[in-house]
Ligand code: KIV
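Numbering (my numbering), first residue to last: 1 to 278.
Take a look at the structure:
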């Protein structure tokens, strides 16, 4: 059975760190789940790492739903969160509700929304009151890259840290069950984490957050267009994929693949019949 939001929130009280990774496809989601990751996020980062777009703003609902369904079919234990993409919650409350419901129907247990304008807060309240759990996202919010002007660390002084705390408290009051803090000094996210009831999940937010999230392609070493300073690379899957494909090309070209063991073979008498065919 998948973890509930209550269980995730209890981890904060118990002091157990919460683990979150992104996944976009069935088999990756299955192995992350089997490894014991607490929450799996179908992040709109898939725009870049799975679909090759420039920004997360380029991905739409239709695409997000395909990946959410694939991940949901695989996950048995983790809580699955679908990222509400750009334009899916900025238009009106009814459209936000419809899109969030599509994600729940696709198998997600919760959705994530960036920002905390009055409009977003209103949307969050509406979803939560109607039984859809919402995770917030503050600090650097990739959808607002055009107004932020690049991948910039947020909360770099006391005043701005206090502003982000106030935003986080608004998300908490609106009913968010957790909040992502992206690209913030560790003391700033610690200050916020200590003042919230709900768990904070850091990405480039330092070790004092209640949990950590990474884009799985960064962790696995599969995406090389951009390497964030905060992402620890545990493997070099891109080299593994490259070397395996090279070996396949070479084996096919020099006749080493497929072998007899990898082929289906006719009975001797059937071979004889074919040989005697005129
Ligand atoms: O889309 C995503 O992967 C995210 C994480 C960076 C938190 O929002």
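Idealized CB from N, CA, C, for every residue including glycine. If you're wondering where the values come from, they're calculated on a predicted model, not measured in any experiment.
### Query
Which term fits residue 311, buried or exposed, when burial requires 16 or more other beta carbons within 10 angstroms of its beta carbon?
Absent from the model: residue 311. The displayed extent of the chain is 1 to 278, so no value can be given.
### Query
First and last residue of the beta strand (DSSP E) that includes residue 83?
Start and end: 79-83.
#### Entry: Stretch-stretch touch, CB-based, cutoff 8 angstroms, three pairs: the segment 105-113 with the segment 64-72
The segment 105-113 vs the segment 64-72: in contact.
### Message
If you measure between the beta carbons of residue 35 and residue 29, is that distance less than 8 angstroms?
### Response
Their beta carbons are not under 8 angstroms apart, which means residue 35 does not touch residue 29 by this criterion.
### Query
Using DSSP with H/G/I as helix, E/B as strand and the rest coil, what is residue 241?
The answer is helix: DSSP assigns residue 241 an H, G or I state.
### Task
Grab me the residues of residue 59's own chain with a C-beta within less than 7 angstroms of its C-beta, minus the 5 sequence neighbours each way, in chain order.
Contacts found: 44, 46, 47, 51, 53, 85.
### Query
Relative to the alpha-carbon of residue 78, which residue among 96, 100, 41, 88 has its alpha-carbon at the smallest distance?
Here the closest residue by C-alpha is 41.
### Message
Under 8 angstroms, with one C-beta from each stretch per pair, do the segment 11-20 and the segment 209-219 reach the 3-pair mark?
### Response
The answer is yes - the segment 209-219 touches the segment 11-20, with three or more Cβ pairs under 8 angstroms.
### Message
Could you check whether the Cβ of residue 203 sits closer than 7 angstroms to any heavy atom belonging to the ligand KIV?
### Response
Checking the Cβ of residue 203 against the ligand KIV gives yes.
### Message
Tell me whether the segment 153-171 and the segment 88-98 touch, counting them as touching only if at least three CB pairs, one residue from each stretch, are closer than 8 angstroms.
### Response
Here the segment 153-171 makes no contact with the segment 88-98; the two share fewer than three CB pairs at distances below 8 angstroms.
### Query
Does DSSP classify residue 87 as helix, strand or coil?
In the structure shown, residue 87 sits in coil (DSSP, three-state: anything other than H, G, I, E or B).
### Query
Comparing alpha-carbon positions, which option in 37, 177, 270 lies nearest residue 129?
The shortest Cα separation from residue 129 among 37, 177, 270 belongs to 177.
### Task
Indicate the three-state DSSP secondary structure (helix, strand or coil) for residue 279 in the structure shown.
What is shown of the chain runs 1 to 278, which leaves residue 279 out entirely.
### Cβ neighbours of residue 141 in the same chain (closer than 6 angstroms, five flanking residues each side left out)
Only 114, 115 meet the Cβ criterion.
### Message
Whole angstroms are fine: how far does the CA of residue 193 sit from the CA of residue 215?
### Response
Rounded to whole angstroms, residue 215 to residue 193 spans 21 angstroms at the Cα level.
### Query
For residue 39, is the classification buried or exposed, using 16 other Cβ atoms within 10 angstroms of its Cβ as the cut-off for buried?
Counting every other CB atom within 10 Å of its CB across the protein chains shown gives residue 39 a total of 16 or more, marking it as buried.
### Task
Just grab the DSSP bridge partners of residue 151 for me.
Answer by DSSP bridge pairing: none, since residue 151 is not bridged.
### Query
Which class does residue 265 belong to by DSSP, given the choice of helix, strand or coil?
It is coil, neither helix nor strand.
### Message
Once DSSP output is grouped into helix, strand and coil, what is the label at residue 1?
### Response
Residue state for residue 1 is assigned as coil, using DSSP reduced to three classes.
### Message
With a threshold of 7 angstroms on Cβ separation, who are the neighbours of residue 104 within its own chain once the five nearest residues in sequence on each side are excluded?
### Response
Shown here for residue 104: same chain residues with a beta carbon closer than 7 angstroms to its own, the five before and five after excluded, namely 132 in chain order.
### Message
For residue 88 and residue 125, what's the separation of their Cα atoms in angstroms?
### Response
CA-CA distance, residue 88 to residue 125, rounds to 16 angstroms.
### Message
Quick check: what's the CA-CA separation for residue 191 versus residue 165?
### Response
Our two residues, residue 191 and residue 165, have alpha carbons roughly 8 angstroms apart in a direct line.
### Task
Taking only heavy atoms of the ligand KIV into account, decide whether any of them is closer than 7 angstroms to the Cβ of residue 183.
No, since every heavy atom of the ligand KIV falls outside the 7 angstroms radius drawn around the Cβ of residue 183.
### Query
Out of curiosity, what's the CA-to-CA distance linking residue 171 and residue 235?
Cα to Cα, residue 171 sits roughly 35 angstroms from residue 235.
### Task
Taking only the alpha-carbon atoms, compute the straight-line gap between residue 251 and residue 241 and give it to the nearest angstrom.
Straight-line measurement puts the Cα of residue 241 at about 15 angstroms from the Cα of residue 251.
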